[in-house]
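Worksheet: the structure to be examined is printed underneath.
Here it is in structure tokens:
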């Protein structure tokens, strides 16, 4: 029962362009959403989050958009840099449990 | 702030053996989580502590798994009678009480059961 889904296992983008990573969820009780970035042999690193009462949150090159009616969130990275190449996980929270998607592997081509 | 640390980083064991992993959270964090991650999947929640109290356990956590956080600081995760299906990365995360709950992850312990 995958409550958080990332349907694109991989994405390639040219350096300087925008990267858009997508995430869908099924549980309307989720009230907090996060994006994590993971390099090989390391644990996930927190990137950015958004509460369900907002529809947008920005932090530097990273912006997360939340569309509650569509149960969809997206992470925009602009401009993309080669160091952004990693696996990105979206996560959703309700109560004390967090649910993660399966990840999207982003490759930024120099 | 030294981040979340986990030991060992890698563990290879034979089927049927017991293994124990340790997690040291960020010092001022009172919440601690254990996750399991297999190849191609995201982290799957196993259990959650607030201070020393274990408040949530996933149905993924069979009775061969036990976790403790005796003094509300470090935590251990023990797997008894390991099976090949237990091979995975075991991740620990910690956070501070209060909303929103942003977790910070350790590097993980990779378990291989032969």
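Protein chains in written order, with the numbering used here: chain A, 1 to 110; chain B, 1001 to 1114.
Just so it is clear, CB atoms sit at the ideal spot from N, CA and C, and this is done for glycine as well.
{"query": "Does any C-beta atom of chain B lie closer than 8 Å to the C-beta of residue 98 of chain A?", "result": "yes"}
{"query": "Classify residue 1014 of chain B: buried if its beta carbon has 16 or more other beta carbons within 10 angstroms, exposed otherwise.", "result": "exposed"}
{"query": "Starting from residue 76 of chain A and walking both ways along the beta strand (DSSP E), at which residues does that stretch end?", "result": "72–77"}
{"query": "Is there a Cβ of chain B sitting closer than 8 Å to that of residue 34 of chain A, yes or no?", "result": "yes"}
{"query": "To the nearest angstrom, how far is it from the Cα of residue 52 of chain A to the Cα of residue 94 of chain A?", "result": "11 Å"}
{"query": "Given a cut-off of 8 Å, decide if residue 1031 of chain B and residue 1088 of chain B are closer than it, judged by their beta-carbon atoms.", "result": "no"}
{"query": "By the 9 Å beta-carbon criterion, what residues does the segment 1025–1058 of chain B contribute toward chain A?", "result": "1031, 1033, 1035, 1037, 1040, 1041, 1042, 1043, 1044, 1045, 1048, 1050, 1055, 1056 and 1058"}
{"query": "Hey, does residue 28 of chain A have any beta-carbon neighbour from chain B nearer than 8 Å?", "result": "no"}
{"query": "State yes or no: is the beta carbon of residue 12 of chain A nearer than 8 Å to at least one beta carbon in chain B?", "result": "no"}
{"query": "Is the CB of residue 101 of chain A under 8 Å away from at least one CB in chain B?", "result": "yes"}
{"query": "Given that a residue counts as buried once 16 or more other Cβ atoms are within 10 Å of its Cβ, and exposed if not, what is residue 1081 of chain B?", "result": "exposed"}
{"query": "Quick test of the definition: if touching needs 3 or more C-beta pairs under 8 Å, does the segment 1045–1053 of chain B touch the segment 83–92 of chain A?", "result": "no"}
{"query": "Among the residues of its own chain, which have a CB less than 8 Å from the CB of residue 79 of chain A, if the five just before and after it don't count?", "result": "15, 16, 17, 18 and 61"}
{"query": "Hey, is residue 1103 of chain B's beta-carbon within less than 8 Å of any beta-carbon in chain A?", "result": "yes"}
{"query": "Pick out whichever of B:1090, B:1103 and B:1104 has its Cα sitting closest to the Cα of residue 1110 of chain B.", "result": "B:1090"}
{"query": "What residue does the beta strand (DSSP E) around residue 1111 of chain B start on, and which one ends it?", "result": "1109–1113"}
{"query": "Go ahead and pull the three-state DSSP assignment for residue 84 of chain A.", "result": "helix"}
{"query": "Using CA coordinates, which residue listed in B:1008, B:1016 and B:1028 is at the minimum distance from residue 1083 of chain B?", "result": "B:1016"}
{"query": "If residue 1052 of chain B sits next to residue 1072 of chain B, beta carbons under 8 Å apart, how far is it from one beta carbon to the other, in whole angstroms?", "result": "4 Å"}
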